[in-house]
Amino acid sequence: MKTMLVTGGAGFIGGNFVYHVLKEYPDRRIVCVDSLTYAGNLSTLDTALKNERFVFIHKDIRDRDAMREVFAEYRPEVVVNFAAESHVDRSIVDPGLFLSTNIIGTQVLMDCCREFGAERFHQVSTDEVYGDLPLDRPDMFFTEDLPLKASSPYSASKASADLLVLAYHRTYGLPVTISRCSNNYGPYQFPEKLIPLMFINALEDKPLPVYGKGENVRDWLYVEDHCRAICMILDRGRSGEVYNVGGHNEMRNIDIVRMICDYLGKPYSLIEFVKDRKGHDLRYAIDPAKIKRELGWTPETKFADGIVKTLDWYLANRKWWEDIVSGEYKEYYKKMYEVNK
Ligand code: NAD
Ligand code: TYD
766 MKTMLVTGGA GFIGGNFVYH VLKEYPDRRI VCVDSLTYAG NLSTLDTALK
816 NERFVFIHKD IRDRDAMREV FAEYRPEVVV NFAAESHVDR SIVDPGLFLS
866 TNIIGTQVLM DCCREFGAER FHQVSTDEVY GDLPLDRPDM FFTEDLPLKA
916 SSPYSASKAS ADLLVLAYHR TYGLPVTISR CSNNYGPYQF PEKLIPLMFI
966 NALEDKPLPV YGKGENVRDW LYVEDHCRAI CMILDRGRSG EVYNVGGHNE
1016 MRNIDIVRMI CDYLGKPYSL IEFVKDRKGH DLRYAIDPAK IKRELGWTPE
1066 TKFADGIVKT LDWYLANRKW WEDIVSGEYK EYYKKMYEVN K
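At the far end of the sequence shown sits residue 1106, using my numbering, and the numbering has no gaps.
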């Protein structure tokens, strides 16, 4: 039985990845390391915790001694690093934490991979490392060979980590891969992100705070398709390579918010245009030709189906998000959105 170390498994994509691997790879054991920051929810892993192929370890990836102990005990063949500070707005308020978790945390994990001889270190990165594209150039896309040109402290920290991962490959011969994915949506996404935030506010007839004019474009991918892409990269991806993951599904923020209103039968008058995000990236758009050509990956979930599945999930799992929005999130929301008005 192969052991896979998954960091950040109590978060949105990591949690979905844990369930994907437990279901699709019966010969894998998962050791999940997560420090349970505000974004980590152990309740996301409730079902996994009952599985004998799953072990949860409450530790911080920046803690070198703790990580060495985990590697010494479980000897993971494969490491998939989801653990990160992931929200752009928070990075604008407090960049330091992003540098420490996203860069130093990655370094600690790679040092352990070297010391204990892991077969593969996979870094879960983002399309945001490429910066943004103009709104009036629909012919332009992010390809893997573009220079990195991050806009926010979040994306700069992810870009730094990517450079470090490639440097460890070149300098030490560490077997690595990187995936750079577009915006994910699906179950278990923390309510601070666009889709769950607008859904929960609309459900409760609260204002829907759209930044700027709502014309910024994101390329949305259903989280399960992302998880499948990472598994294909682990199975057959070439060491030292970067793979873009995206579904040619570009949407303007305002159109997503209106779609959520339509789903819930709520009026568009709930929409409130608020002060724009500082340095707000205009458009993200992935060219997924490489992963399609080399590994045969294509997205399977159409946005029209994925968004209904996602919103249905939030309706059916109220307790999961109500527990979150009734806690410290309340303070965050007040602080972030009062000053944004
Ligand atoms: P998330 O914020 O929902 O989850 C992050 C998880 O990491 C949480 O469980 C948190 O507790 C854990 N964590 C944070 N700091 C840690 C530390 N120091 N030690 C151990 N655990 C720690 O994030 P997400 O949306 O699931 O994103 C996962 C990864 O995917 C991130 O690396 C992010 O950059 C990348 N990514 C996200 C998206 C997206 O749309 N959400 C798109 C592309 C790439
Ligand atoms: P987000 O979910 O934070 O992801 P990212 O910034 O990584 O793309 O935001 C998606 C888009 O939605 C982004 O253009 C910012 C916008 N947005 C709003 O208009 N209002 C909000 O309250 C939030 C959270 C995001």
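Just so you know, even glycine gets a beta-carbon here, dropped at the ideal spot from N, CA and C. As the structure is a prediction and not an experimental result, all values here were calculated from the model.
For residue i, verify whether its CB is less than 7 Å away from any heavy atom of the ligand NAD.
i: alanine 831; result: no
i: threonine 1075; result: no
i: phenylalanine 847; result: yes
i: phenylalanine 1110; result: Residue 1110 lies beyond the residue range present for the chain, which begins at 766 and ends at 1106; the question has no answer from this structure.
i: serine 917; result: no
i: isoleucine 1051; result: no
i: phenylalanine 955; result: yes
i: glycine 773; result: yes
i: phenylalanine 836; result: no
i: phenylalanine 863; result: no
i: alanine 804; result: yes
i: isoleucine 998; result: no
i: arginine 1048; result: no
In the DSSP assignment, the beta strand (DSSP E) including residue i goes from what residue to what residue?
i: lysine 767; result: 767-772
i: valine 796; result: 793-798
i: threonine 891; result: 885-891
i: glutamate 1037; result: 1036-1039
When the Cα of residue i is compared with those of the options, which residue comes out closest?
i: alanine 775; options: Leu807, Asp792, Val835 and Ala915; result: Leu807
i: valine 1039; options: Asp1046, Gly977 and Cys878; result: Gly977
i: lysine 1074; options: Tyr953, Tyr1097 and Asp901; result: Tyr953
i: valine 844; options: Val941, Tyr895, Cys992 and Ala924; result: Val941
i: arginine 983; options: Ser916, Ser856 and Glu893; result: Glu893
i: arginine 827; options: Pro841, Ile868 and Pro912; result: Ile868
i: arginine 829; options: Ala1054, Asn948, Asp876 and Gly882; result: Asp876
i: serine 947; options: Pro1053, Ala883, Val858 and Gly1005; result: Pro1053
i: aspartate 1070; options: Leu864, Leu986, Glu1093 and Val1022; result: Leu986
i: valine 835; options: Val873, Ser865, Thr802 and Leu814; result: Val873
i: tyrosine 895; options: Met769, Asn1009, Lys767 and Cys1026; result: Asn1009
i: histidine 887; options: Leu770, Ile943 and Gly861; result: Ile943
i: asparagine 816; options: Asp970, Tyr784, Asp990 and Lys914; result: Tyr784
i: valine 889; options: Cys1026, Leu999, Val1022 and Met905; result: Leu999
i: isoleucine 1051; options: Phe863, Asp901, Asp799 and Phe907; result: Phe907
i: valine 853; options: Val796, Ser922 and Pro841; result: Ser922
Can you tell me whether DSSP reads residue i as helix, strand or coil?
i: threonine 929; result: Checking the sequence shown, residue 929 turns out to be leucine, not threonine. If DSSP states are grouped into helix, strand and coil, leucine 929 belongs with the helices.
i: tyrosine 1094; result: helix
i: arginine 935; result: helix
i: leucine 898; result: strand
i: arginine 1042; result: coil
i: phenylalanine 907; result: strand
i: proline 1032; result: coil
i: threonine 1063; result: coil
i: glycine 776; result: coil
i: proline 918; result: helix
By the DSSP assignment, the alpha helix (DSSP H) with residue i in it spans what residues?
i: methionine 1016; result: Looking at the DSSP string, methionine 1016 is not in any alpha helix (DSSP H); the run it does join, the beta strand (DSSP E), is 1015-1017.
i: phenylalanine 1068; result: 1068-1081
i: arginine 1058; result: 1054-1060
i: arginine 1048; result: Note, arginine 1048: premise wrong, no alpha helix (DSSP H); not H, not E.
i: glycine 870; result: 870-881
Report yes if the C-beta of residue i is less than 7 Å from at least one heavy atom of the ligand TYD; otherwise report no.
i: proline 974; result: yes
i: asparagine 867; result: no
i: lysine 815; result: no
i: glycine 979; result: yes
i: glutamate 842; result: no
i: lysine 958; result: yes
i: valine 853; result: yes
i: histidine 785; result: no
i: asparagine 1018; result: yes
i: arginine 945; result: no
i: arginine 1042; result: yes
i: leucine 931; result: no
i: histidine 1045; result: yes
i: asparagine 1014; result: no
i: leucine 900; result: no
i: leucine 962; result: yes
i: arginine 983; result: yes
i: asparagine 948; result: yes
Using 7 Å as the cut-off, classify the Cβ of residue i as near or not near the heavy atoms of the ligand ATP, replying yes or no.
i: glutamate 893; result: The model depicted lacks the ligand ATP and carries the ligand NAD and the ligand TYD instead.
Report task. Please specify which runs of the alpha helix (DSSP H), each continuous and at least 4 residues long, are wholly inside the stretch 938-1019, giving them in chain order. Result -> List check, alpha helix (DSSP H) in window: 959-968 and 988-1001.
Query raised in the report: Enumerated in chain order, which unbroken segments of the beta strand (DSSP E) with a length of 3 residues or greater are wholly contained in the stretch 781-864?
Result: The qualifying runs are 793-798, 819-822 and 843-846.
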